[in-house]
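For the record, the sequence lines run as chains A and B.
Just so it is clear: in the first sequence, position 63 is 63 by the UniProt record's numbering, and no numbers are missing.
Just so it is clear: in the second sequence, position 2 is 2 by the UniProt record's numbering, and no numbers are missing.
Ideal Cβ positions, reconstructed from N, Cα and C, are used throughout, including at glycine.
These numbers come from a predicted model, not from an experiment.
Have a look at the structure below before the remarks.
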Amino acid sequence: MAALIRGLRAGRVLRGLGSVAVQGTLSPQCSNVRRGFHRAALLRLANDSKSDTSVPPPSYHEVDTAGESSSSSAHGESSEDAQPNTSFQDQSGEHGEDYETEEQLQARILTAALEFVPQHGWTVEAIAAGAETLGLSSASTGMFNNGAGDLALHFVAQCNAQLAETLAEQNNQVQLGQAESKKTAEFLRDAVEVRLRMLIPYIDTWPQAMSILLLPHNIPDSLKHLSTMVDDIWYYAGDRSTDVNWYTRRAALTGIYNTTELVMVQDSSPDFEETWAFLDNRIKDVVNMANTAKQVQATGEAVVQGLMGAAITLKNLTGMNQRR
Amino acid sequence: MKDPPELQLVALRVYDASSYVTELERNMAASVRTLALRALSDSTRNIQHVSRCRIKHLCCRAEITGRRAYSDSTEGRSTHFGFQTVPEEEKAEKVYKVFENVAKKYDVMNDAMSLGIHRLWKDTLLNTMNPQPGLRLLDTAGGTGDISFRFLEYTRSMYDRQQRLRAKSHQTPSWQDIADHYVSDKAGPPQSRAVVCDINKEMLKVGKQRAEKAGIITGLSWVVGDAEELPFDDDQFDIYTIAFGIRNVTHIEQALQEALRVLKPGGRFMCLEFSKVTNPLLTRLYDAYSFQMIPVLGEVIAGDWKSYQYLVESIRKFPDQETFKEMIEDAGFFCVQYFNLTGGIVAIHSGFKL
């Protein structure tokens, strides 16, 4: 029975892989070649959907070097000619390329899974549905040890990357002189609005994502994402401070962002107008606080100087200041 | 007819070895035996056959297969069967006999030897797998079907849970939703299917009886097959499991390659197997328990000392966690990781076909 299946398989292989010289019917070699093809097919799917350069198929072939037949390496070479391999070929060891392609595949699955979040929520079912659109079995959700946490963190990282791109683009335009630079308050307001608008497609299920990000084992990662985002915004706003202001500014913006996010989640006004009004008010508050702090400091200095002057005058009057 | 002196010498040596010995002494006796026999081998090929029959009467435990390995060394390679060395062709046969003998008492012995902890190990395997409803499972060396039963149970309860959550979030459905619900209900729940594959018919028989008793009718198939040469087409299964079976396979690499072949892209390979204990104190306790208690339990409960001696020896012969992980990676799986259970007594290895 097994021999029969082997024979059928051999026949199918010979018919199907006409372009590659198949040496005999040794199953490991056939499976290697077919695997290479299959992964090439997977990546071609990805290449169609992504515009920027992605990992070329030969990287998978480097993995199969253990006991590989010349037929599959010939196939590898032909596909290498088709897609120029840039930096991956120079990496030493199979594992370097392995990890990059594994992580990239995981990122692709999670991106595909985001489509299904409105339907399934931030759960493993959404990841399973995403994997299925890529042609993988839903058993591949086992790759994500953190399950829904991985999905939420991936989304947050993606949004932050988009925000950083947008801010860098705006900065470029200002430096080239094509746009005017904004005042700090306005800049902060716009940046936070852009970032929060990315949540709008998922706003119904966002409370679930927020609760997932607050789970103890996810807190380090979510805090890291939040702090890098706030740092990015302040950097592009022009903050180059090196004193305690660095901390106070970031703490203030973190507070603004979190509270505005909470308001947005329960906002039902058209296009979230109330949220943006709330954001305006909070930023005004912070700016007022900063101005008040400066004034208090200036006033304090003036008061102290006045008192010093008064004390010296008194000493002069009473004659205690004379040197004998 | 008086026996030739060479045969008497052989019989004496073997008789020494046949008295109760620990594994160490048995190894020494084995090496002494092979030395003596090598001195006689060229001229005594005929007598070897005769003496083997005689020796079977003398002792029941010392199996003189090392001699056959020497005379057949030009033909086939040899592998380990517990702490013995046997030709590769013989190992599959011997393993078959072991499991044929233990089939009826397999589940009882599992409970007795592991004090019931094997149920927790198998539950942990299912929790790690976290299968979605509607997947196909291939349970290789599945024998009495423990993993398959748990898989069907898990997917059924997972499906019920999903339905409940969906109902909760649709508390006030619109008329359109209700109409759609009636229409789509015809499809029914996605059916998860499990295929139990084992090389041993006796184990499958016991498994079928268990399934009937538990009332599991649909979604389960029983197939006789060899893990090194599975009778399935490519890209058939979502999950491939092999629980406490891969150490009995003669060519582990071949079994891994077959697993890769029958899995769908994105499919998961999971292996639950005894492994190296990491804690040194636990190692001593575990060794003492394995070699002193388990064969005794085997003799008392199942009436079979040798099979359970083979079991504990085969655990020692199996590669450790890191080595096995490398073997899985070499076969072509990605994202390979392992989880130690009960301090390393058991390990779950998992890899993906991407």
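Per the Cβ contact rule, the segment 312-328 of chain B is not in contact with the segment 122-134 of chain B (fewer than 3 Cβ pairs under 8 Å).
The C-alpha of residue 283/A lies about 7 Å from the C-alpha of residue 185/A. The beta carbon of residue 177/A does not come within 8 Å of any beta carbon belonging to chain B, so the residue lies off that interface.
Residue nearest to residue 286/A within the set 190/A, 248/A, 127/A, 209/A is 248/A (criterion: CA-CA distance). Secondary structure within the segment 111-171 of chain A: the alpha helix (DSSP H) runs of 4 or more consecutive residues, fully enclosed, are 117-120, 124-133 (chain order).
The segment 228-266 of chain B is shown to contain whole alpha helix (DSSP H) runs of 4 or more residues at 252-262, in chain order. With a 10 Å radius around the Cβ and a threshold of 16 neighbouring Cβ atoms, residue 244/A comes out exposed. Spanning the alpha carbons of residue 105/B and residue 99/B requires a straight line of approximately 10 Å. In this structure, the beta-carbon distance from residue 194/B to residue 244/B does not fall below 8 Å. CA-CA distance, residue 272/A to residue 183/B, rounds to 37 Å. For the 8 Å CB-CB criterion, residue 305/B and residue 313/B do not form a contact. For the pair of segments examined, the segment 324-332 of chain B was found not to touch the segment 224-232 of chain B: the number of CB pairs separated by less than 8 Å stays below three. Within chain B, 265, 266 have C-beta atoms less than 8 Å from the C-beta of residue 135/A, given in sequence order. Taking every protein chain shown into account, the CB of residue 306/A has fewer than 16 other CB atoms within 10 angstroms, so this residue is exposed. Per the C-alpha coordinates, the member of 350/B, 273/B, 202/B, 142/B positioned closest to residue 96/B is 202/B. Looking only at 210/A, 160/A, 109/A, 162/A, the smallest Cα-Cα distance to residue 140/A is reached by 109/A. In chain order, 163, 166 place their CB closer than 7 Å to the CB of residue 194/A, counting only its own chain and leaving out the 5 sequence neighbours on each side.
At a C-beta separation below 9 Å, residue 138/B has no neighbours in chain A, since its nearest C-beta there lies roughly 11 Å away. For residue 207/A, the closest of 262/A, 129/A, 175/A by C-alpha to C-alpha distance is 262/A. Under the Cβ criterion of 8 Å, residue 115/A is not counted among the residues facing chain B. Judged by DSSP in its simplified three-state form, residue 240/A adopts coil rather than helix or strand. In this structure, the CA atom of residue 112/A is about 21 Å from the CA atom of residue 196/A. Counting along the chain, residue 314/A sits inside the alpha helix (DSSP H) bounded by residues 273-318. Close partners of residue 124/A in chain B (Cβ separation under 9 Å): 130, 132. At a cut-off of 8 Å between C-beta atoms, residue 348/B does not count as an interface residue with respect to chain A. By the beta-carbon neighbour count (other beta carbons within 10 angstroms, threshold 16), residue 353/B is buried. The criterion of a C-beta distance shorter than 8 Å is satisfied by residue 222/A and residue 156/A. Between the segment 153-163 of chain B and the segment 276-287 of chain B, the count of C-beta pairs closer than 8 Å stays below three; the two stretches do not touch. Interface annotation for the segment 97-126 of chain B against chain A: empty, criterion Cβ-Cβ distance under 7 Å. Listed along the chain, the chain B residues whose CB falls inside 9 Å of the CB of residue 138/A are 131, 132, 134, 135, 238, 266. Sixteen is the threshold: since fewer than 16 other Cβ atoms of the shown chains lie within 10 Å of the Cβ of residue 157/B, the residue is exposed. Membership of residue 224/B in the beta strand (DSSP E) is indicated by the continuous run 220-224. Among the CB atoms of chain B, one or more fall inside 8 Å of the CB of residue 128/A. Counting along the chain, residue 87/B sits inside the beta strand (DSSP E) bounded by residues 84-87. Comparing C-alpha distances from residue 226/B to each of 257/B, 218/B, 208/B, 146/B shows the shortest one belongs to 257/B.
Buried is the label assigned to residue 265/B, since at least 16 other Cβ atoms lie within 10 Å of its Cβ.
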